[in-house]
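So the sequence shown is numbered by numbering that gives the first Met the number 0: it starts at 0 and just counts up by one.
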Amino acid sequence: MATATLLVIQGVDQGSRFEVGDAPVGIGRGVKNEIRILDTEVSRQHAQIYAENGEFLVADRGSSNGTFVNGVPIRTQVLSNGDQIQCGRTVILFTNPEAVDDESRYIAERVDFLAEDSPEDRSKIISAVRDDTDNAIPTRDVPEPEVVERTFANLQALYRISEEAVSSSISLDQLLKRVLDVTIEVVGADRGCILIRNLDTGEIVPQAFSEKGQEHKVQGQGPEVGGQNHSPLTTHHSPLTTHKMPVSRSIVDYVLREEHGVRTSDALHDRRFEPGQSIVQAGIREAMCVPVQGRRDLLGVIYVDTTSSVARTVLEPDATTFTDDQLRLLSAIGRQTAQAVETNRYQQALVSAERMAAMGQTIAMLSHHIKNILQGIRGGSYLIDMGLNDHQEDLVRKGWNIVEKNQGRIYHLVMDMLTFSKERQPVLESADVNETVAEVCELMQARAEEFHVNFRCDPSDELPPTTFDREGIHRAVLNIVINALDACEGREDAAVTVRTGYDPQEDTLHIDIQDNGPGIPPEQLPQIFNLFASTKGTRGTGLGLAVSQKIIREHNGRIEVQSEPGEGSRFTLIWPRFEEESRGVEGAER
Numbered sequence: 000m001a002t003a004t005l006l007v008i009q010g011v012d013q014g015s016r017f018e019v020g021d022a023p024v025g026i027g028r029g030v031k032n033e034i035r036i037l038d039t040e041v042s043r044q045h046a047q048i049y050a051e052n053g054e055f056l057v058a059d060r061g062s063s064n065g066t067f068v069n070g071v072p073i074r075t076q077v078l079s080n081g082d083q084i085q086c087g088r089t090v091i092l093f094t095n096p097e098a099v100d101d102e103s104r105y106i107a108e109r110v111d112f113l114a115e116d117s118p119e120d121r122s123k124i125i126s127a128v129r130d131d132t133d134n135a136i137p138t139r140d141v142p143e144p145e146v147v148e149r150t151f152a153n154l155q156a157l158y159r160i161s162e163e164a165v166s167s168s169i170s171l172d173q174l175l176k177r178v179l180d181v182t183i184e185v186v187g188a189d190r191g192c193i194l195i196r197n198l199d200t201g202e203i204v205p206q207a208f209s210e211k212g213q214e215h216k217v218q219g220q221g222p223e224v225g226g227q228n229h230s231p232l233t234t235h236h237s238p239l240t241t242h243k244m245p246v247s248r249s250i251v252d253y254v255l256r257e258e259h260g261v262r263t264s265d266a267l268h269d270r271r272f273e274p275g276q277s278i279v280q281a282g283i284r285e286a287m288c289v290p291v292q293g294r295r296d297l298l299g300v301i302y303v304d305t306t307s308s309v310a311r312t313v314l315e316p317d318a319t320t321f322t323d324d325q326l327r328l329l330s331a332i333g334r335q336t337a338q339a340v341e342t343n344r345y346q347q348a349l350v351s352a353e354r355m356a357a358m359g360q361t362i363a364m365l366s367h368h369i370k371n372i373l374q375g376i377r378g379g380s381y382l383i384d385m386g387l388n389d390h391q392e393d394l395v396r397k398g399w400n401i402v403e404k405n406q407g408r409i410y411h412l413v414m415d416m417l418t419f420s421k422e423r424q425p426v427l428e429s430a431d432v433n434e435t436v437a438e439v440c441e442l443m444q445a446r447a448e449e450f451h452v453n454f455r456c457d458p459s460d461e462l463p464p465t466t467f468d469r470e471g472i473h474r475a476v477l478n479i480v481i482n483a484l485d486a487c488e489g490r491e492d493a494a495v496t497v498r499t500g501y502d503p504q505e506d507t508l509h510i511d512i513q514d515n516g517p518g519i520p521p522e523q524l525p526q527i528f529n530l531f532a533s534t535k536g537t538r539g540t541g542l543g544l545a546v547s548q549k550i551i552r553e554h555n556g557r558i559e560v561q562s563e564p565g566e567g568s569r570f571t572l573i574w575p576r577f578e579e580e581s582r583g584v585e586g587a588e589r
């Protein structure tokens, strides 16, 4: 089964990641979409991604603001690695791992890395320049028109390379491929490759390959509305690409050792010009190779070549295709490429470090709470054992109550972890909000009595028919009610009230949970929905409010908080009524 990845890189859901398989996947604001986008500029049924003939396509579903791929409006579009899908203000990065693997194999098949003693390696250095970015711009005392034109072209090329280098939303392989596409165009090469040193083995290996005449898509370009682009791997090769691109190991080693670019030709030592060989079999091959010099280390090389036409080889045997100015420009591109590689690696290292830090924080927090729960269970077990040995039923019952309470804590912790850790699709069904809230209140009544809290449920009689995820709303309300009861523990005249209601003007449902506890300090209010942020000290996991907010957002709603120190807190869960979607009305209220 084909699989691809969608990563939200811009918008309110930034950081969300989704898997796409053979089954069609809907994108939109509506709760029935497999990919929920909580963007007010996204339609309820905005777009769809589906697989067809081994490729993934995105189709607009008549959205109000349209669907864009790489900044171009589309109706239906074949997706390629690195494509950016824009719906409203949300930008989604598309990645197809299988295509990435195919491209890696394609690069390895197109580059022939010749050994130093290979008889096929006939390249000889005819010119060399130091890696000096300043020399990429030709200078003359009296600027000539062709010099001015070439200078402008070089500046434009470096600007285009810089634009690609600062792109942070694509993989390193995709970045190098785009840089190489621009490089071949501006230096007039027929083909080229970028070889990068492997961090683990230290070996120089091909990591990008491109050639003139290959159909490829440049970021920001695309078809007319309703057109289609093909994958970068769907290429048409010129006659020059019937064989692998030969890359001289000796030339590469020389560039790596001397750290400057060279221009080479095989005309003087080409076996094709030996007696008995015909010059019309092939033309003169020229190449340029420059270092990819980073801030501290030499990361690899850029290698481009060209083969002169047969007619030019006969008429101008001493003619050359590449010039020293082009070699200087390529050296500057090598420096830009190195910065792009290093920036990409720094970003990957930072992401990895942040991921490890987050994982460590999660493990530490969960271990702390699990340890507290286990200590409670051990305490209860000790009382049960003592009661059994002394035949004291009161001790057994007391110990069992402690064990039972901690079993409930384990259950709630695990359910909160499961709810928060994965993207879930709300299971919409016709249900009664009052009934769901009443179940929560009934479940928490014993806890309220234990804490001596006046716990009251005040359902509304004016709720219209609606659909919602009963289990999700139950857990969202339960977490906030638990917090309210815990906040009121030990206070005189403690009270918690749960109310339901309906706003006909906005067509929204709401549930209010109000307590007269100590309230929340103003400086803590912005952080209360953060993961592991808790105002209950060691008694809280910091998961409850984060889970409740996630569930309400899945219903396209929000949680409003009003709290004053010493005056208590009021949490209001608000979400739109989903009657029209439960009836399957497509495209309603786009």
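Beta carbons are placed, not taken as given, at the ideal position from N, Cα and C, and that holds for glycine. For clarity, every value in this text was computed on a predicted model and none was experimentally measured.
query = Would the C-beta of Gly25 count as close to the ligand GDP, meaning under 7 Å from any of its heavy atoms?
reply = Inclusion of the ligand GDP in the displayed structure is not the case, the ligand content being empty and no account of it being possible.
key: Through-space distance from Gly378 to Arg490, alpha-carbon basis   = If I take the Cα positions, the gap works out to 27 Å.
query = Among the residues of its own chain, which have a CB less than 6 Å from the CB of Arg190, if the five just before and after it don't count?
reply = The beta carbon of Arg190 sits closer than 6 Å to those of Glu210, Met244, all from its chain and outside the five residues before and after it, given in chain order.
query = Should Gln335 and Val186 be called a contact, given that it needs their Cβ atoms to be closer than 8 Å?
reply = no
ask   = Using 8 Å as the Cβ pair cut-off and three pairs as the minimum, do the stretch 455 to 466 and the stretch 499 to 517 touch?
value = yes
query = Thinking C-alpha only, which one of Asn478, Val439, Gly260 is nearest Leu593?
reply = As displayed, the chain neither begins before 0 nor continues past 589, which places residue 593 out of reach and without an answer.
query = Are the stretch 428 to 436 and the stretch 393 to 411 in contact at 8 Å, needing three or more beta carbon pairs?
reply = No, the stretch 428 to 436 does not touch the stretch 393 to 411.
ask   = For His451, does the count of other Cβ atoms within 10 angstroms reach 16, so buried, or fall short, so exposed?
value = exposed
Whether Gly293 touches Val254 by CB criterion (8 Å) = no
query = From Arg569 to Gln155, what distance separates their C-alpha atoms?
reply = In a straight line, the C-alpha of Arg569 is about 59 Å away from that of Gln155.
ask   = Is it right to say Ala22 is buried, meaning 16 or more other beta carbons lie within 10 angstroms of its own, or is it exposed?
value = So Ala22 ends up on the exposed side.
request  = Please confirm if Leu442 has its CB atom under 8 Å from at least one CB of chain D.
outcome  = As a matter of chain content, chain D is missing from the structure shown, which is built from one protein chain.
key: Local conformation of Ala545 per DSSP, three classes   = In the three-state scheme derived from DSSP, where H, G and I count as helix and E and B as strand, Ala545 is classed as helix.
ask   = So the alpha helix (DSSP H) Arg177 belongs to, where does it begin and stop?
value = 171 to 186
query = With distances taken from CA atoms, which of Thr306, Ser264, Leu328 is nearest Pro290?
reply = Leu328
Buried or exposed by the 16-neighbour rule on C-beta atoms within 10 Å, applied to Pro521 = exposed
ask   = According to DSSP, is Ile573 helix, strand or coil?
value = strand
request  = Please determine if the stretch 546 to 564 and the stretch 474 to 488 are in contact, where contact requires at least 3 C-beta pairs separated by less than 8 Å.
outcome  = yes
task = Measure the alpha-carbon distance for Asp59 versus Ile26 and round it to whole angstroms.
result = 9 Å
ask   = Roughly how many whole angstroms lie between the Cα atoms of Thr263 and Ser247?
value = 10 Å
CB of Ala301 within 8 Å of CB of Ile193, strictly = Note that residue 301 is Ile in the sequence shown here, rather than Ala. Yes.
query = Buried or exposed: which applies to Asp304, given that a residue is buried once 16 or more other Cβ atoms fall within 10 Å of its Cβ?
reply = By the neighbour-count criterion, in which 16 or more other beta carbons inside 10 Å mark a residue as buried, Asp304 falls on the buried side.
query = Ordered along the chain, which non-local residues of its own chain (more than five positions away) have a Cβ less than 6 Å from that of Pro458?
reply = Asn433, Thr499
request  = Confirm, please, whether the CB-CB distance from Val560 to Ile512 is below 8 Å.
outcome  = no
query = Can you name the start and end residues of the beta strand (DSSP E) that Ile301 belongs to?
reply = 297 to 306
task = Return the CA-CA distance between Gly87 and Ile550, expressed in angstroms with no decimal places.
result = 22 Å
inquiry  = Please report the straight-line C-alpha distance between Ser351 and Asp502, rounded to a whole angstrom.
reply    = In this model, Ser351 and Asp502 are separated by some 46 Å (Cα to Cα).
Gly226, buried or exposed, once every other Cβ within 10 Å from all chains shown has been counted against 16 = Only weak support exists for where Gly226 lies, its pLDDT of 35 falling under 50; the coordinates are left without a value.
task = With DSSP as the reference, label Ile551 as helix, strand or coil.
result = DSSP places Ile551 within a helical segment (H, G or I) once states are collapsed to three.
key: Beta-carbon spacing of Asn405, Ile376 below 8 Å   = yes
message = To the nearest angstrom, how far is the alpha carbon of Ile84 from that of Val19?
response = 14 Å
message = Please report the straight-line C-alpha distance between Gln206 and Leu174, rounded to a whole angstrom.
response = 10 Å
ask   = From Arg396 to Arg446, what distance separates their C-alpha atoms?
value = Those two C-alpha atoms are separated by around 17 Å.
request  = Figure out for me which residue from Leu78, Asn64, Phe528, Cys456 has the closest Cα to the Cα of Glu441.
outcome  = Cys456
query = What number of angstroms, rounded off, separates the C-alpha of Ala152 from the C-alpha of Thr94?
reply = Straight-line Cα distance between these residues: approximately 33 Å.
inquiry  = Give me, in chain order, the residues of the same chain whose beta-carbon lies closer than 6 Å to that of Gly516; leave out the 5 immediate sequence neighbours on both sides.
reply    = Ala486, Cys487, Gly567
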